[in-house]
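With numbering that gives the first Met the number 0, letter number 72 in the sequence shown gets 71, and the count goes up by one each step, no holes. Here a beta-carbon is modelled for each residue, glycine too, at the ideal position from N, C-alpha and C. Please read all numbers here as calculations on a predicted model, not as lab measurements. As structure tokens, the structure follows; a few thoughts come after it.
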Amino acid sequence: MIADFILAWMHHLCFLGMAAALAMQWTLLGPSRPAIPLALLGKTDAWYGSLAMLILAIGAARVAWGPKGAAFYLDNPVFWAKIAVFLAVGAISALPTINYLRWRQQARHNADFQPAADDVNKVRKAIRLQFLGWLALPILAAAMARGV
């Protein structure tokens, strides 16, 4: 019982941490910033990716060893919808990550480098799409927990 509680708590903390990291990326790329702090943006994205891996590992542990049993999850279409949304958000997050890596590489060769406004806008659109996916995840989680 206590292990399930700790896993659930950690799962939720990772979710909140990922949401905070995504919000921070959004803020760091804001139009009112005179210069984008590329190193901080890269670190924030690394945290986002690390928390994504951790949330998957914790989720797998909850499926394998949780009190509801693996069948509860594996036979539940809402669980698979939640996984699909999470993976879709992860796929969308590749666009910002690739851009951050490219921008940091360019900044190493040119200390005054700042990404083009069009590139920043594309990344912000990808972040907006990720936020939309994030809105669906708690709804799916609540539905799944209640056997909907």
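Practice task
Would you kindly check if the distance between the Cβ of Ala51 and the Cβ of Met17 is under 8 Å?
Solution key: yes
Problem - Limits of the unbroken alpha helix (DSSP H) element including Asn120 - result: Ala116 to Ala144
Practice task
Assign Ser49 to one of three DSSP states: helix, strand, or coil.
Solution key: helix
Problem - Exposed unless 16 or more other CB atoms sit within 10 angstroms - verdict on Leu21 - result: buried
Exercise for the section: For Trp124, count neighbouring Cβ atoms within 10 angstroms of its own Cβ and tell me buried if that reaches 16, exposed if not. Expected result: One point to set straight first is that residue 124 is Lys, not Trp, in the sequence displayed. The residue is exposed, with fewer than 16 neighbouring Cβ atoms inside 10 Å.
Practice task
Would you check if the region 93-102 and the region 64-83 touch, i.e. whether three or more CB-CB distances between them fall below 8 Å?
Solution key: no
Handout entry: Enclosing alpha helix (DSSP H) for Leu86 [first to last residue]
Key = Pro76 to Ile91
Exercise for the section: Check whether the Cβ atoms of Thr96 and Gly48 sit closer than 8 Å, and answer yes or no. Expected result: yes
Handout entry: Simplified DSSP assignment, three categories, for Leu28
Key = coil
Handout entry: Segment limits, alpha helix (DSSP H) that includes Phe71
Key = Ala69 to Leu73
Practice task
Can you tell me which of the three DSSP states Gln104 falls into?
Solution key: helix
Practice task
Helix, strand or coil for Gly65, going by three-state DSSP, please let me know.
Solution key: coil
Handout entry: Validate contact between the region 0-16 and the region 76-95 using beta carbons, cut 8 Å, 3 pairs
Key = no
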